[in-house]
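Chemist: So for the sequence shown, full-length UniProt numbering puts the first residue at 1; every next one is plus one.
By construction, the Cβ of each residue, glycine as well, lies at the ideal position given by its N, Cα and C atoms.
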Amino acid sequence: MFGKACDFNELRQGKYEVAVVNRILLMIVWPSRGDPRAFHGMCPHANEPLADARFDGETLTCAHHDWAFSSETGACIKGQPCTLREFPLKIENNEVLVDTGDFAPHGPR
Numbered sequence: 001m002f003g004k005a006c007d008f009n010e011l012r013q014g015k016y017e018v019a020v021v022n023r024i025l026l027m028i029v030w031p032s033r034g035d036p037r038a039f040h041g042m043c044p045h046a047n048e049p050l051a052d053a054r055f056d057g058e059t060l061t062c063a064h065h066d067w068a069f070s071s072e073t074g075a076c077i078k079g080q081p082c083t084l085r086e087f088p089l090k091i092e093n094n095e096v097l098v099d100t101g102d103f104a105p106h107g108p109r
């Protein structure tokens, strides 16, 4: 089920916004080339939040340990092989909507 992450006019190409949908921290990233994408806002390396990451329009870099991820695919390009979880994103009526599905950020309890 899609939930509102932010208004579209809050996004800027080459920048990111932090959002929470269904209690899941998200990074709404708009690469310099391409369309906005929604990734899980936690670094898979040490489960640190990416909310204070550096972003140059192409690469999202975790501020905690400098692991870097492609903003187009979520693939780790500096660090161990892994990928940021991507969520379906759509834009309707000037709203950025993200479907977090049945994702459980900390696994089953």
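Taking DSSP as the reference, what is the three-state secondary structure of residue 87?
Modeler: Correct three-state label for residue 87: strand.
Chemist: Can you tell me the Cβ-Cβ gap for residue 81 and residue 99, rounded? I've got them flagged as a contact below 8 Å.
Modeler: At roughly 26 Å, the Cβ-Cβ gap does not stay under 8 Å, so residue 81 and residue 99 are not in contact.
Chemist: With DSSP as the reference, label residue 103 as helix, strand or coil.
Modeler: The answer is coil: DSSP assigns residue 103 none of H, G, I, E or B.
Chemist: Measure how close the beta-carbons of residue 24 and residue 40 come, nearest whole angstrom, since I'm counting them as under 8 Å.
Modeler: Right, the Cβ-Cβ distance comes to about 7 Å (below 8 Å), so this counts as a contact.
Chemist: DSSP three-state call for residue 10: helix, strand or coil?
Modeler: Reduced to three states, the DSSP call for residue 10 is helix.
Chemist: Is there at least one non-hydrogen atom of the ligand FAD closer than 7 Å to the beta-carbon of residue 86?
Modeler: What this structure holds is no ligand at all, so the ligand FAD is not there to describe.
Chemist: Considering only the alpha carbon of each residue, which of 78, 94, 48 and 86 lies closest to residue 4?
Modeler: Closest option to residue 4, Cα to Cα, is 94.
Chemist: Whose C-alpha, out of 76, 34 and 28, is nearest the C-alpha of residue 16?
Modeler: When each option's Cα is compared against that of residue 16, the closest is 28.
Chemist: Between residue 77 and residue 70, is the Cβ-Cβ spacing less than 8 Å?
Modeler: Contact flag set, yes.
Chemist: Would you call residue 55 buried or exposed, if buried means 16 or more other Cβ atoms sit within 10 Å of its Cβ?
Modeler: Answer is buried; the Cβ neighbour count reaches 16.
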